[in-house]
Amino acid sequence: MIDAALAQKIVESSTDFAIITLDPSGQITSWNPGAEDLLGWSAQEAIGRHGRIFFTPEDQAAGSPEDEIARAATDGRALDERFHMRADGSRFWGSGLLMQLKNSDGFVKIVRDRTAEREAERRVVTLTDALPGFVFEADSDGHLVQTNARYRDYTRRDDPELLGDRWLDAIHPDHRARVREAWEEAVRTGATFEQSFLVADGEGAYRCFACRGIPEKDGGRVLRWIGTCIDIENEAKARALLEGLNLSLEHRVTDQTAALTESYRNLQAEVAERERIEETLRQSQKMEAIGQLTGGVAHDFNNLLTVILGSIDLLRRPNLAEDKRERYLDSIAETATRAAKLTNQLLAFARRQPLQAEAFDIADRLRASDDVLRTVSGSRIAIELDVRCEPCIVEADPVQFDTAILNMAVNARDAMDGEGRLTITVSESNGVPATRAHAAVTGRFVTIAVSDTGAGIAAADLPRIFEPFFTTKDVGRGTGLGLSQVFGFAKQSGGEIAIESEPGEGATFRLYLPHAEAKNLPPEPEMTEPSGDVVGTGGCVLLVEDNQLVGEFAAQLVGDLGYGNMLVSSAQEALALVEADPRKFDIVFTDVVMPGMSGVEFAEILRARYPHLPVILTSGYSHVLAAEGTHGFDLLQKPYTAERLARALRMARGGNQRSG
Ligand code: ADP
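Each number in our numbering comes from the position in the sequence shown (counting from 1) with 61 added on.
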């Protein structure tokens, strides 16, 4: 209770508040300047009236003035917040406190205009209600005192069901203890509260909210807590989904990586296997070529051995003139050298090694492998080497070069079905002309053109012939690796390979190799002079032999045995000589396997036309005669000795005619 005198003083001095005194019936007894300002009545007008003059008509009708006095009389004070009315009828929001006066039956009423605060408060409430998230206010002890509409709407709980600690009831049981602990911790320390948790909606379904509460402090003291929560369910779901996805992606990546690693390993194994097969095929192709060579080489060796054995035979003869002895020894030495060269070439061909470039003369190289080429081609293919540049130096792997030439020669032989003409032309060219497969290249090149008179290549096959494993040959006859070696060799040597072919018109392969500067190349071993005709007493022998060396040796031998002789290298030539003068020759000694007309065909013609002219056949190819037979002619197998030749010639001269 307040002292009446003090109250009087306050009333008179105060302008901030309306301070009014009332008697126990509610009649106004004093009216301060603040009341004049706030309520619009002057003290004169107001004093003596009943205090209800500043109550709204509704409140007056509801009996509020009387009720207030009754409450203040009982409780000592009555606090009220409501609209008040001014003298002009306008209204304002005010808080009023009615207190009973000490030592008096009267009351004092203090009214304050709170319109502005109320506006602000209402705006804040509207604002928080408009927010899509939760807003709450808690007192300094952490008890919720207010929530916004969104909080209440979502949880379908009224304030009483959320205030205090009851907001925790809406939190998912799994999260509740953690959240309570965190909240208590924040309240205790005054630190910002930050948690995400599931909150139940009215139907009991949960959504995830991220909440943040900050303390409003006055100095170090926390006055209250203001907090907000936002719905992060979608983000949480998206994150969970993403995590799931990442996880499954990780799994898938791991799975696929494993699968990839696996298939990469398989691929590696396949590649290794393929490389192994390719290598095997390359080797087997070599082996095939070597196989073909072997037969021919045996023949060549027989020729060489014939010369050597024959020379030895002759050397054994007593009282041999010194010059003859020298000649036989030279012959042995030279023939042995050739044999060695042949075996060297075979060894080089069979060798496995990476490209080893060196400068060499193409023409020399081709001449040196002439024997091998002839062997591979077979004797029914005429080989022509046309060298148009001297020297023709290139820098490349000579062994690979030999192999490339050999591969092209084998193809030519196959395309010609074993019969025809193989021409190798070596020339210099300025650049490589453009083709469908490659652009024009400038620079100095040596061109090796390998032409045949074979079947040619179908237009459709042309783009594919250099592909590894492309073959039109029967199984077992072609591997399809020959031209790929030629191609690889050309490219790796900085050169090119070009092809010209029309079906039925043969084919020309042009191998371009970069021209290199001349180097000191080892000199070629000297060849012996071919022997001229020797006219002896035992008659004249017509020698037909396509191998120059063997021919020369046979001529020497026949001469030494006391016969005159004439050496020609083909059956056609021999036939022409016989036809020109049939009596000139007493014996015909002919090789069987030769380009053009074979020895057997030649012998048949002679037998038909000149039945008295004896013919002796000679061959190192046992299988040729095994297949065709000797057709009744005498056969001297290569290698033959001087002694066996002498006997054969003697028998032929002796008129030992063959039966038909
Ligand atoms: P292969 O000789 O084992 O078949 P190549 O790679 O040497 O393998 O040749 C591939 C194909 O090119 C041959 O099968 C053939 O059809 C064709 N070919 C190569 N050279 C000639 C040629 N001189 N004349 C006709 N066709 C040829």
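We put the beta carbon where it would ideally sit given N, CA and C, even for glycine.
- Go ahead and pull the three-state DSSP assignment for Q88. One-based indexing of the sequence shown puts residue 88 at position 27. Strand.
- Message: Would you say the beta carbon of F462 is closer than 7 Å to some non-hydrogen atom of ligand 1?
- Response: Taking the sequence shown and counting its residues from 1, one reaches residue 462 at position 401. Because no heavy atom of ligand 1 lies under 7 Å away, the Cβ of F462 does not count as near it: no.
- Any heavy atom of ligand 1 closer than 7 Å to the CB of T396? Working through the sequence shown from its first residue, we reach residue 396 at position 335. No; taking the cut-off as 7 Å, the Cβ of T396 has no heavy atom of ligand 1 nearer than that.
- Take the Cβ of N491 as the centre, count every other Cβ of all protein chains shown within 10 Å, and call the residue buried at 16 or more, exposed below. Looking up residue 491 in the sequence shown gives position 430. It counts as exposed.
- Task: Please indicate yes or no: does the CB of S534 lie closer than 7 Å to some heavy atom of ligand 1?
- Result: For this step, residue 534 is matched to residue 473 along the sequence shown. It should be noted that the sequence gives Lys, not Ser, for residue 534. True, at least one ligand heavy atom lies under 7 Å from that Cβ.
- Task: With H111 as the anchor, note down where its beta strand (DSSP E) starts and where it stops.
- Result: Position 50 of the sequence shown holds residue 111. Element bounds for H111: n/a, residue is neither H nor E.
- With 16 as the cutoff for other CB atoms within 10 Å, does R211 come out buried or exposed? For the purposes of this step, residue 211 is taken as the residue at position 150 of the sequence shown. With 16 or more other Cβ atoms within 10 Å, it is buried.
- Message: Please state whether the Cβ-Cβ distance between F195 and T289 is less than 8 Å.
- Response: Residue mapping note: residue 195 aligns to position 134 of the sequence shown, counting from 1. Residue mapping note: residue 289 aligns to position 228 of the sequence shown, counting from 1. For F195 and T289, yes; Cβs fall inside 8 Å.
- Task: Tell me, please, which residues DSSP counts as bridged to L159.
- Result: Taking the sequence shown and counting its residues from 1, the one referred to as residue 159 is at position 98. DSSP, once it has assigned bridges, lists A139, K170 as partnering L159.
- If we count Cβ pairs, one from each stretch, closer than 8 Å, do we get three or more for the region 632 to 651 versus the region 706 to 717? Judged by Cβ distances under 8 Å, the region 632 to 651 makes contact with the region 706 to 717, as three or more pairs qualify.
- Task: Using three-state DSSP, classify S440 as helix, strand or coil.
- Result: Translated into positions along the sequence shown, residue 440 becomes position 379. S440: coil per DSSP, three-state reduction.
- Message: Can you tell me where the alpha helix (DSSP H) holding E665 begins and where it ends?
- Response: On the sequence shown, position 604 is the one that residue 665 refers to. Here the alpha helix (DSSP H) through E665 covers 660 to 670.
- Task: Starting from the Cα of N608, find the closest Cα among G439, T532, A669 and give me that residue.
- Result: For this step, residue 608 is matched to residue 547 along the sequence shown. Out of G439, T532, A669, G439 has the C-alpha closest to the C-alpha of N608.
- Task: Using three-state DSSP, classify G274 as helix, strand or coil.
- Result: For the purposes of this step, residue 274 is taken as residue 213 along the sequence shown, with counting starting at 1. Strand, per DSSP.
- Near E704, which residues of its chain fall below 6 Å by C-beta distance, leaving aside the five closest residues on each side in sequence? Here residue 704 refers to the residue found at position 643 of the sequence shown. Excluding residues up to 5 positions away in sequence, D374 lie with their Cβ nearer than 6 Å to the Cβ of E704 in the same chain.
- Message: Helix, strand or coil for A42? Go by DSSP, reduced to three states.
- Response: No answer is possible for residue 42: it lies beyond the span of the chain, which begins at 62 and ends at 721.
- Item | V455 to I666 span [Cα, whole Å] | The residue given as residue 455 occupies position 394 in the sequence shown. The residue given as residue 666 occupies position 605 in the sequence shown. The alpha-carbon atoms of V455 and I666 are separated by roughly 48 Å.
- Item | G203 (DSSP reduced to helix, strand or coil) | What you label residue 203 is simply residue 142 of the sequence shown in a count that begins at 1. Three-state result, G203: coil.
- On the three-state DSSP scale, how would you describe G492? Walking along the sequence shown from the start, residue 492 turns up at place 431. If DSSP states are grouped into helix, strand and coil, G492 belongs with the strands.
- State the start and end residues of the unbroken alpha helix (DSSP H) segment that holds Q698. Stepping through the sequence shown from its first residue, residue 698 is reached at position 637. Run containing Q698: none in the alpha helix (DSSP H); it sits in the beta strand (DSSP E), 695 to 698.
- Task: Check whether the Cβ atoms of G517 and A568 lie closer than 8 Å to each other.
- Result: Position 456 of the sequence shown, counted from the first residue, corresponds to residue 517. Position 507 of the sequence shown, counted from the first residue, corresponds to residue 568. Going by C-beta atoms, G517 is nearer than 8 Å to A568.
- Query: Under the rule that 16 or more other beta-carbon atoms within 10 Å means buried, what is H312, buried or exposed?
  - Reply: Your numbering for residue 312 matches position 251 in the sequence shown. Counting Cβ neighbours within 10 Å, H312 comes out exposed, since fewer than 16 surround it.
- Is S545 near ligand 1, going by C-beta to nearest heavy atom under 7 Å? Within the sequence shown, numbered from 1, the residue matching residue 545 stands at position 484. Checking the Cβ of S545 against ligand 1 gives yes.
- So, P155 versus K170, is the Cβ gap smaller than 8 Å? As a first step, residue 155 is located in the sequence shown; it is residue number 94 there, counting from the start. As a first step, residue 170 is located in the sequence shown; it is residue number 109 there, counting from the start. Pro is not the amino acid found at residue 155; the sequence shown has Gly there. No, the Cβ-Cβ distance between G155 and K170 is not below 8 Å.
- Which ranges would you report for the beta strand (DSSP E) in the region 219 to 265 if only whole runs of at least 3 residues count? 254 to 261
- Task: Could you give the DSSP three-state label for A177: helix, strand or coil?
- Result: The residue given as residue 177 occupies position 116 in the sequence shown. The answer is helix: DSSP assigns A177 an H, G or I state.
- Query: Which class does T532 belong to by DSSP, given the choice of helix, strand or coil?
  - Reply: If you number the sequence shown from 1, residue 532 lands on position 471. T532 falls in the coil class under three-state DSSP.
- Message: For a cutoff of 8 Å on Cβ pairs, would you count N363 as touching chain C?
- Response: As a matter of chain content, chain C is missing from the structure shown, which is built from one protein chain.
- Query: With DSSP run on the structure shown, which of helix, strand or coil describes L188?
  - Reply: To locate residue 188, count along the sequence shown from 1; it is residue 127. Helix.
- Query: Which of helix, strand or coil does DSSP assign to M712?
  - Reply: Stepping through the sequence shown from its first residue, residue 712 is reached at position 651. DSSP places M712 in helix when its eight states are reduced to three.
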